[in-house]
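Enquirer: Numbering (our numbering), first residue to last: 6 to 509.
Here a beta-carbon is modelled for each residue, glycine too, at the ideal position from N, C-alpha and C.
Source: prediction; values computed, not measured.
1) Helix, strand or coil for residue 60 per DSSP?
2) Evaluate contact between the stretch 460-467 and the stretch 316-332, counting only Cβ atoms and requiring at least three cross-stretch pairs below 8 Å.
3) Does DSSP put residue 20 in a helix, in a strand, or in coil?
4) Cβ of residue 47 within 8 Å of Cβ of residue 115?
5) Could you tell me the boundaries of the beta strand (DSSP E) in which residue 33 lies?
6) Grab me the residues of residue 333's own chain with a C-beta within less than 6 Å of its C-beta, minus the 5 sequence neighbours each way, in chain order.
7) Assess, as a yes-or-no matter, whether the stretch 416-428 is touched by the stretch 443-460 under the definition of 3 or more beta carbon pairs within less than 8 Å.
8) Quick check: what's the CA-CA separation for residue 184 versus residue 216?
9) Going by C-alpha to C-alpha distance, which of 78, 177, 155 sits closest to residue 60?
10) Helix, strand or coil for residue 192, going by three-state DSSP, please let me know.
11) So residue 92 and residue 104 are in contact, right, with Cβ under 8 Å, and what is the actual spacing, rounded?
12) Distance, Cα to Cα, residue 468 vs residue 376?
13) Quick one: measure Cβ to Cβ for residue 37 and residue 19, integer angstroms, because I've assumed they're closer than 8 Å.
14) To which residues of the same chain is residue 122 closer than 6 Å at the C-beta, ignoring the five residues directly before and after it?
15) Quick one, are the C-beta atoms of residue 52 and residue 73 less than 8 Å apart?
16) Kindly indicate the opening and closing residues of the beta strand (DSSP E) around residue 318.
17) What distance in whole Å lies between the Cβ atoms of residue 195 and residue 161, which are believed to be in contact at a cut-off of 8 Å?
18) Tell me whether residue 496 is buried or exposed, calling it buried when 16 or more other Cβ atoms sit within 10 Å of its Cβ.
19) Spatial neighbours of residue 233 within its chain, please: C-beta separation below 7 Å, excluding the five flanking residues on both sides.
20) Start and end of the beta strand (DSSP E) containing residue 113?
21) Would you report the Cα separation of residue 475 and residue 379, rounded to the nearest angstrom?
22) Compute the beta-carbon to beta-carbon distance between residue 222 and residue 307, rounded to the nearest angstrom, for a pair I have assumed lies under 8 Å.
23) What number of angstroms, rounded off, separates the C-alpha of residue 432 from the C-alpha of residue 128?
24) With distances taken from CA atoms, which of 427, 85, 364, 108 is nearest residue 147?
25) Residue 389 and residue 373: beta carbons closer than 8 Å?
26) What would DSSP say about residue 256, mapped onto helix, strand or coil?
27) Assuming contact is defined by CB atoms lying nearer than 8 Å, are residue 317 and residue 340 in contact in what I supplied?
28) Please determine, among 101, 242, 139, 470, the residue with the shortest C-alpha to C-alpha distance to residue 352.
29) DSSP state of residue 80, grouped into three classes?
30) Suppose the cutoff is 8 Å on Cβ atoms and the five residues either side in sequence are ignored; what does the same chain contact list for residue 240 look like?
31) Beta carbon of residue 368, beta carbon of residue 394: below 8 Å?
32) What separation, rounded to the nearest whole angstrom, lies between the Cα atoms of residue 181 and residue 224?
33) Between residue 35 and the rest of its own chain, which residues show a CB-CB distance below 7 Å, the 5 nearest in sequence each way excluded?
34) Please report the residue range of the beta strand (DSSP E) in which residue 144 lies.
35) Between which two residues does the alpha helix (DSSP H) containing residue 346 stretch?
36) With a 10 Å radius around its C-beta and 16 neighbouring C-beta atoms as the bar for buried, classify residue 279 as buried or exposed.
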């Protein structure tokens, strides 16, 4: 299938990243829509909102107008259950925006084939395809198919295909070499100029590259160097007028989920389900070892050392605000996805942390949790607001209380997760606003503030593990077998009470 020509919507959008300060690293990323005369601006360090099947979980299109939601990332693999994928059939300008209900004048959309947070074991990739996962199972996508999908739906930015082995088994040197060669080859494929309308010039996409190499520093260094090496003969002709791969790349992306999986010794691999799929690793019940963050920082540094500093650096699937701060301080990462904060809303946690961390808290309160598990019964009569240190977001017409959302969660009301998702995105956005303020006004004290934050807040995210357990209990409170489970729980509670009275 030949690549369709681009409509004027993509040709009329200009992507730009300006670094205001390198040490510390502050920047400003903009997309200008010439046809709409609209400028979308994202200050860095900043956040990226995640989607599932093209939808921001728990939120409606009206909620998309809220300030934190500007850059949205769309994994494309979930659409592969239909052939052709439905976003490719949408006519008119900005097809990805309009098919998913996002506004071109307000939202920047990036797109990848795979979900960067999905670290399940997958069938191996081949020389001419990448294995992707949708509701109907594993699908194969070739570099040419990916190029066609991208040119059809026209995202603002797209991640080139990358051969990332998703396997719990250790990798041989031969497999790592294949990974680097395939990733570079697939990047060259999508860098070929796309045919534009007859009246316009050839068009080039805004390409982000995933930095390959796994947890082997030499492999990561080799891949970075392959981006800078000059190309010759047919390879050079294919991407002309570019002289190397890096010239066609607008930014660098790092997926932390597979790195955490490889580096964290305390992560227990889940067993295969009856459907044959391995569920997500739940980092809330078994958080990555803190030492893995230091190793990841070293690996990212290795990848970035030979590359230019003027392009945005993006991290997907950071596990906590502690890891975010460490990556900003030690590597200079510009953008982070909000996956962990949005996942917290799924399990009933209202985030409650600030940067810089509060000073003068009593020792018994340290370390503080990063949020409140509103499934917990102790919140049933707590009529305070979601967060101790944040005012209610301006887009909530009523300052909802912890007791109210506790009631909604226990009665399976969907509005509970909507309120929590909006709140958590607002807290994370205010966190990045404060980070940028400290970097601008007192950069010399940023490291001290990070150290104090690490001492003040629980790095193991214990509140999320606790919420996950209570979420499971409430989830099982309905459906087949409910009465039997209730009787079993009542008997267990009675035994606990009798045992307590006997001991007294």
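Expert: Answer, in terms of the structure:
1) strand
2) yes
3) strand
4) no
5) 31-38
6) 50
7) no
8) 11 Å
9) 78
10) helix
11) 5 Å
12) 7 Å
13) 5 Å
14) 262, 322, 344
15) yes
16) 318-321
17) The pair is not a contact, with the Cβ atoms about 15 Å apart (cut-off 8 Å).
18) exposed
19) 249, 251, 311
20) 113-117
21) 10 Å
22) 5 Å
23) 38 Å
24) 85
25) no
26) strand
27) yes
28) 470
29) strand
30) 193
31) no
32) 7 Å
33) 21, 44, 45, 46
34) 142-146
35) 344-351
36) Caution is warranted here: a pLDDT of 40 is assigned to residue 279, below 50, making its placement in the model unreliable, and the coordinate value is therefore given only provisionally. The residue in question, residue 279, is exposed, as its Cβ has fewer than 16 Cβ neighbours within 10 Å.
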